[in-house]
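Here's the structure we're looking at; comments come further down.
Residue numbers (the numbering used here), protein chains in the order written: chain E, 474 to 566; chain P, 169 to 613.
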């Protein structure tokens with residue numbers, strides 16, 4: 474968990490998201506295993522970040538996301554029909 | 169307490185005498201008031217309980233309110249000093265996870281909204297009976313700790329949470345609450361009897377149930393309100409808080425449940441007691457165990473060789489990557505098959521899944537099947553490799569820690585019974601493989 478405060482404000486809507494070295498990587502991709510039904514859309518929309526286990530349930534990468542990864546993660550969050558994924562701010566374990 | 173000689177402290181608890189196990193003890197002797205003395209421990213004496221199920225059959229030695237007050241005095245007004253005491257003494261939870269109490273209190277203080285404090289007496293671990301024993305022998309100590317915590321943190325509700333099948337414990341607590349009410353003591357406590365299933369004792373399940381939901385584990389997500397603001401403590405932890413609140417030194421003991429051929433025994437021993445001394449105390453005629461199960465069915469196996477140099481002190485065990493968990497100790501005799509025992513327990517734990525999370529719902533039965541195949545001598549090397557993959561795949565993937573306990577147990581079995589894994593892997597099951605001895609509640613399918 475990073476202790477430093479986020480100094481930069483999130484980019485305004487429509488602004489290019491992947492700007493390396495801008496905002497420090499802070500958020501994590503989390504899955505609510507109770508809400509999840511193993512549909513697997515997350516693994517299709519965020520193949521670099523989500524792996525499915527042999528029963529079809531997602532295991533997202535651990536640790537803070539880079540700004541490039543954040544875009545893919547946000548797509549997976551939006552795509553989940555069970556709304557089982559979310560981006561957790563650093564304070565939320 | 170701290171001034172006691174080490175030799176005495178080594179086997180303290182239960183009045184430092186051999187346990188009055190199996191025969192009715194001279195209860196009046198144990199219950200004689202210790203005016204002006206420090207409380208010697210949490211339990212009045214040990215208990216012998218049935219091998220499985222609730223600790224119901226034993227007739228409780230009950231500390232009524234007058235005896236309780238003679239022994240430890242009234243609960244003083246709770247001030248912020250208690251938080252400092254808890255922090256200084258490093259009190260940790262005794263429900264299994266050993267989380268520092270001060271950490272939980274600080275995080276409870278940061279929240280907003282009405283706070284509920286819970287004394288968790290729902291002992292889901294099938295082997296553990298120390299919580300029920302404590303609640304029956306010293307109900308007022310637990311209630312004091314609960315009310316002190318609730319008062320310190322400004323809680324609006326104090327609850328004792330019990331399993332649905334633990335009728336006599338519920339009766340003991342109700343009686344104690346009645347005594348306090350008659351005596352005009354302040355503080356209101358609700359006894360809430362939950363369902364009897366395994367995960368009804370899990371803290372997020374309790375929190376959700378007390379806020380109108382099902383008694384099932386839940387996930388904390390941003391903005392979720394299903395659990396309200398709830399602080400859940402094990403009853404032994406609260407009994408210790410009750411003594412700290414009175415200014416007593418921390419009681420250097422640990423409550424254990426030990427399952428041997430003699431039966432299932434609850435006892436209180438000094439934290440520095442060697443594990444072998446505990447085993448010798450409860451079953452003097454037992455041969456040296458090939459392995460010892462520490463922490464119960466969600467715990468770890470340790471080899472007899474390793475066990476010989478361990479104490480029951482959690483700090484010591486942590487250094488070895490082990491834990492006493494909720495205080496369960498089970499020696500496994502030299503004739504038993506550790507893999508078969510593990511397979512039976514793994515099936516039981518799989519059946520106790522709340523069936524909410526995929527990795528636990530599908531992973532635990534798969535793991536249990538492979539361990540059974542291993543014990544039966546019909547597992548290939550590929551099966552063994554897949555078992556290791558499954559253990560890694562399931563660990564940490566549930567909403568609660570139930571699957572983690574199961575994978576911890578199986579992983580420790582592969583290590584401690586490595587010779588058997590090797591032998592059985594070459595299709596040579598041992599003669600003992602067919603008989604699992606650990607008592608298991610009926611597996612529900």
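Ideal Cβ positions, reconstructed from N, Cα and C, are used throughout, including at glycine.
- Take the alpha-carbon of residue 412 of chain P and the one of residue 253 of chain P: they are about 7 Å apart.
- Annotated three-state conformation of residue 546 of chain P is coil, per DSSP.
- Residue state for residue 528 of chain E is assigned as coil, using DSSP reduced to three classes.
- Following the DSSP letters along the chain, one finds residue 401 of chain P inside the beta strand (DSSP E) bounded by residues 397-402.
- As computed with DSSP, residue 501 of chain E is found in a beta bridge with E:561.
- For residue 515 of chain E, same chain residues with a beta-carbon under 7 Å away, outside a window of 5 residues either side, are 523, 531, 549, 552, 553, 558 in chain order.
- Within the same chain, 386 come within 8 Å of residue 392 of chain P by CB-CB distance, once the 5 residues on both sides are set aside.
- In the three-state reduction of the DSSP assignment, residue 447 of chain P falls in the helix class.
- Taking a contact as a CB-CB distance under 8 Å, the pair residue 399 of chain P and residue 298 of chain P does not count as one, their CB atoms being some 21 Å apart.
- Contact check for residue 361 of chain P against residue 332 of chain P passes: the beta carbons are separated by less than 8 Å.
- Identification of residues in the region 512-539 of chain P having a C-beta nearer than 9 Å to some C-beta of chain E yields 522, 524, 525, 526, 527, 528, 529, 530, 531, 534, given in sequence order.
- Not flagged as an interface residue toward chain P: residue 512 of chain E, since no C-beta distance is shorter than 8 Å.
- For residue 506 of chain P, the enclosing alpha helix (DSSP H) covers residues 506-519.
- The Cβ of residue 390 of chain P sits closer than 8 Å to at least one Cβ of chain E.
- Contact between the region 473-493 of chain P and the region 438-448 of chain P is present, with at least three C-beta pairs closer than 8 Å.
- Below the 9 Å Cβ cutoff, chain P contributes 525, 526 as neighbours of residue 509 of chain E, in chain order.
- Inter-segment contact for the region 420-433 of chain P and the region 206-220 of chain P is present: three or more beta-carbon pairs are separated by less than 8 Å.
- Using a CB distance cut-off of 8 Å, residue 566 of chain P counts as an interface residue toward chain E.
- Considering only P:466, P:546, P:250, P:532, the residue with the shortest C-alpha distance to residue 318 of chain P is P:250.
- No residue range can be given for residue 503 of chain P, since it is assigned to no beta strand (DSSP E) and is classified by DSSP as neither H nor E.
- In the displayed model, residue 594 of chain P falls within coil according to three-state DSSP, outside both helix and strand.
- Note: residue 459 of chain P is bridge-paired with P:471, P:500 in the DSSP secondary-structure output.
- A check of alpha carbon separations from residue 372 of chain P across P:364, P:384, P:366 identifies P:384 as the nearest.
- At least one C-beta of chain P is nearer than 8 Å to the C-beta of residue 526 of chain E.
- Under the 10 Å beta carbon count, residue 337 of chain P is surrounded by 16 or more other beta carbons and is classified as buried.
- Inside the region 257-334 of chain P, DSSP marks whole alpha helix (DSSP H) runs of 4 or more residues at positions 269-278, 298-305, 307-321, from first to last along the chain.
- Taking a C-beta distance under 8 Å as the contact criterion, residue 267 of chain P and residue 257 of chain P do not qualify as a contact pair.
- Annotated three-state conformation of residue 358 of chain P is strand, per DSSP.
- Between the alpha carbons of residue 406 of chain P and residue 475 of chain P lies a distance of about 29 Å.
- Between the region 483-498 of chain P and the region 277-297 of chain P, the count of Cβ pairs shorter than 8 Å is three or higher; the stretches touch.
- Below 8 Å, enough C-beta pairs join the region 519-526 of chain P and the region 559-570 of chain P to call them touching: three or more.
- Chain P has a Cβ within less than 8 Å of the Cβ of residue 532 of chain E.
- Interface annotation for the region 359-386 of chain P against chain E: 384, 385, 386, criterion Cβ-Cβ distance under 9 Å.
- For the pair residue 533 of chain E and residue 502 of chain E, the Cα-to-Cα distance works out to about 6 Å.
- Around the C-beta of residue 517 of chain E, fewer than 16 other C-beta atoms lie within 10 Å, and the residue is accordingly described as exposed.
- Residue 607 of chain P and residue 219 of chain P have their C-alpha atoms roughly 7 Å apart.
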